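First up is the structure itself, then whatever we jot down about it.
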Amino acid sequence: MQLDLELVHIREGESFAAWRHGYPFRTVRWHYHPEYEIHLVAATHGKFYVGDHVGEFSPGQLIMTGPNLPQNWISDIGSAEAVPQRTEVIQFPQSFVDKVLDAFPEAAAAQSLFERSRRGILFDYETGEAVRPLMRRLLNARGVLRLGLFFEILDRLLKASNIQTLSSLSYMLNLEKQEESEMNRVIAHLRENLTEPISETELAEMTGQSQSAFSRSFKRHTGTSLVRFRNQLRIDLACQMLVADPDAKVSDICFDVGFSNLSNFNRHFLRVKGKSPSEFRQIFAENEAVRMPA
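Residues 823 to 1116 (our numbering) make up the sequence shown, in order.
See below:
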């Protein structure tokens, strides 16, 4: 699947870009950019793709994505139709985030939000509705008012109570250069030997920890248990294989990624991705088939 780089233009004298666009539009394609993005849908319904996550969107949907996370929103409208204002976005670089965190101690609480956005964050529609008037004011604001509105939006995101992380942990690890650490070496070992029955004791020995200490460290590092993490990695690999080879049998992929039986694989796939392997493959095939005009 072709992945295109979007060049984000931040005007001289400004810290971030804030703009809106319609549909179809040149950025409506499978693309990425180094900047963080706050993305608000103003009109239409359709499918969206963030990393290896697929979902449905409607007006009021609010998503934040981190650097270099592939994404696309495809509206369900006729080929001859056009929507003048579908999306409102704010895009800002890592350098702006670093300056904010260094300059303002009050912004420290946002660090976890920026980190989590690297996998994509879906906010509830209540937060989307609260951000919408602020976003529209921001699009026309200048100077200090512009900064004030940005921080007010950031505050709304931090206060959101119902948020969902979108892309899998494995997908994020593929996109980023990870610092060398004992736990990252463990994760790399797991990924390289997904089909092998590696025990938690063996992995604990790699870090020089007891099994119980390793279990706590692993959950703190990944946010989940070893069993669930390994199953998620296997599902992530299955997703890549489903997309890469449309003719490959689901049953073959099941065993290739390390599951012992098809029903267990299907159950885990449905839990992790919210759809069956066949449905996942079909939806991504639809994304590949869409080619929007520039």
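Just so it is clear, CB atoms sit at the ideal spot from N, CA and C, and this is done for glycine as well.
Note that this is a predicted model, so its numbers are computed, not measured.
1) Threshold first: 4 residues or longer. Then list the alpha helix (DSSP H) segments lying entirely within the stretch 894-968, N to C.
2) So what's D874 in DSSP terms, helix, strand or just coil?
3) DSSP puts F1087 in a beta bridge; with which residues?
4) What does the alpha-carbon distance come out to for the pair S901 and Y845?
5) What are the boundary residues of the beta strand (DSSP E) that includes A839?
6) Between the alpha carbons of F914 and D1074, how many angstroms are there, rounded?
7) Where does K1041 sit, in a helix, a strand or coil, going by DSSP?
8) How close, in whole Å, do the beta carbons of F945 and L976 come, if the pair is a contact with beta carbons under 8 Å?
9) Quick check on DSSP: helix, strand or coil for K1095?
10) My assumption, with CB atoms under 8 Å, is that V863 sits in contact with P881. Please give the rounded CB distance.
11) Taking the DSSP output, what are the residues bridged to F1121?
12) What residues in its chain sit with their C-beta under 6 Å from that of F936, if we drop five residues either side in the sequence?
13) Report the three-state DSSP secondary structure of L980 (helix, strand or coil).
14) If you run the structure through DSSP and keep just helix, strand and coil, what is Q1031?
15) Under 8 Å by Cβ, that's how I've got D874 and S990 pegged, so tell me the actual separation to the nearest angstrom.
16) Check this for me: beta carbons of W841 and L961, under 8 Å apart or not?
17) Can you tell me which of R964, P889, P927 puts its alpha carbon nearest to the alpha carbon of R833?
18) Report the CB separation of L1016 from V1079 in whole angstroms; it is logged as a contact under 8 Å.
19) Is it a yes or a no for the stretch 1096-1111 touching the stretch 1054-1066, going by three-plus beta-carbon pairs under 8 Å?
20) At what residues does the alpha helix (DSSP H) containing L988 begin and finish?
21) Note the first and the last residue of the continuous alpha helix (DSSP H) segment covering H855.
22) Assuming V876 and F1106 make a contact with CB atoms under 8 Å, what is their CB distance in whole Å?
23) Opposite E1138 in the DSSP bridges: which residues?
24) Give me, in chain order, the residues of the same chain whose beta-carbon lies closer than 6 Å to that of H867; leave out the 5 immediate sequence neighbours on both sides.
25) Under the rule that 16 or more other beta-carbon atoms within 10 Å means buried, what is R848, buried or exposed?
Based on what the coordinates show:
1) 916-925, 933-938, 947-962
2) Within the sequence shown, numbered from 1, the residue matching residue 874 stands at position 52. Coil.
3) Numbered from its first residue, the sequence shown carries residue 1087 at position 265. F1087 pairs with nothing; no bridge assigned.
4) Residue mapping note: residue 901 aligns to position 79 of the sequence shown, counting from 1. Residue mapping note: residue 845 aligns to position 23 of the sequence shown, counting from 1. Taking the straight line joining both Cα atoms gives about 11 Å.
5) By 1-based counting over the sequence shown, the position of residue 839 is 17. Per DSSP, A839 belongs to the beta strand (DSSP E) from 839-845.
6) In the sequence shown, the residue the question calls residue 914 occupies position 92. In the sequence shown, the residue the question calls residue 1074 occupies position 252. C-alpha separation (whole angstroms): 43 Å.
7) As a working note, residue 1041 is residue 219 in the sequence shown. DSSP places K1041 in helix when its eight states are reduced to three.
8) As a working mapping, residue 945 is identified with position 123 in the sequence shown. As a working mapping, residue 976 is identified with position 154 in the sequence shown. Between L976 and F945 the Cβ distance is about 12 Å, and since that is not below 8 Å, they are no contact.
9) Indexing the sequence shown from 1 puts residue 1095 at position 273. K1095: helix per DSSP, three-state reduction.
10) Here residue 863 is taken as the residue at index 41 of the sequence shown, counted from 1. Here residue 881 is taken as the residue at index 59 of the sequence shown, counted from 1. Confirmed, Cβ separation roughly 6 Å.
11) This structure gives no information on residue 1121, because the portion of the chain shown stretches from 823 to 1116.
12) Taking the sequence shown and counting its residues from 1, one reaches residue 936 at position 114. Taken in chain order, the residues that qualify are V919.
13) Within the sequence shown, the letter at position 158 stands for residue 980. L980: helix per DSSP, three-state reduction.
14) Taking the first residue of the sequence shown as position 1, residue 1031 is located at position 209. Coil.
15) In the sequence shown, residue 874 corresponds to position 52, counting from 1. In the sequence shown, residue 990 corresponds to position 168, counting from 1. About 6 Å; that satisfies the 8 Å criterion.
16) As a position in the sequence shown, residue 841 is number 19, starting the count at 1. As a position in the sequence shown, residue 961 is number 139, starting the count at 1. Yes, these two residues count as a Cβ contact at 8 Å.
17) By one-based count along the sequence shown, residue 833 stands at place 11. Per the C-alpha coordinates, the member of R964, P889, P927 positioned closest to R833 is R964.
18) Residue 1016 sits at position 194 when you count from the first residue of the sequence shown. Residue 1079 sits at position 257 when you count from the first residue of the sequence shown. About 6 Å separates the beta carbon of L1016 from that of V1079, a gap short enough to meet the 8 Å contact definition.
19) yes
20) Here residue 988 refers to the residue found at position 166 of the sequence shown. No alpha helix (DSSP H) holds L988; DSSP gives it neither H nor E.
21) For the purposes of this step, residue 855 is taken as the residue at position 33 of the sequence shown. Careful: H855 lies outside any alpha helix (DSSP H) and carries neither H nor E.
22) Locating residue 876 in the sequence shown gives position 54, counting from the first residue. Locating residue 1106 in the sequence shown gives position 284, counting from the first residue. About 7 Å separates the two Cβ atoms, so the contact holds.
23) Nothing can be reported for residue 1138: it is not among the residues displayed for the chain, which extend from 823 to 1116.
24) Locating residue 867 in the sequence shown gives position 45, counting from the first residue. S880, D898.
25) Against the sequence shown, residue 848 aligns to sequence position 26. That one is exposed.
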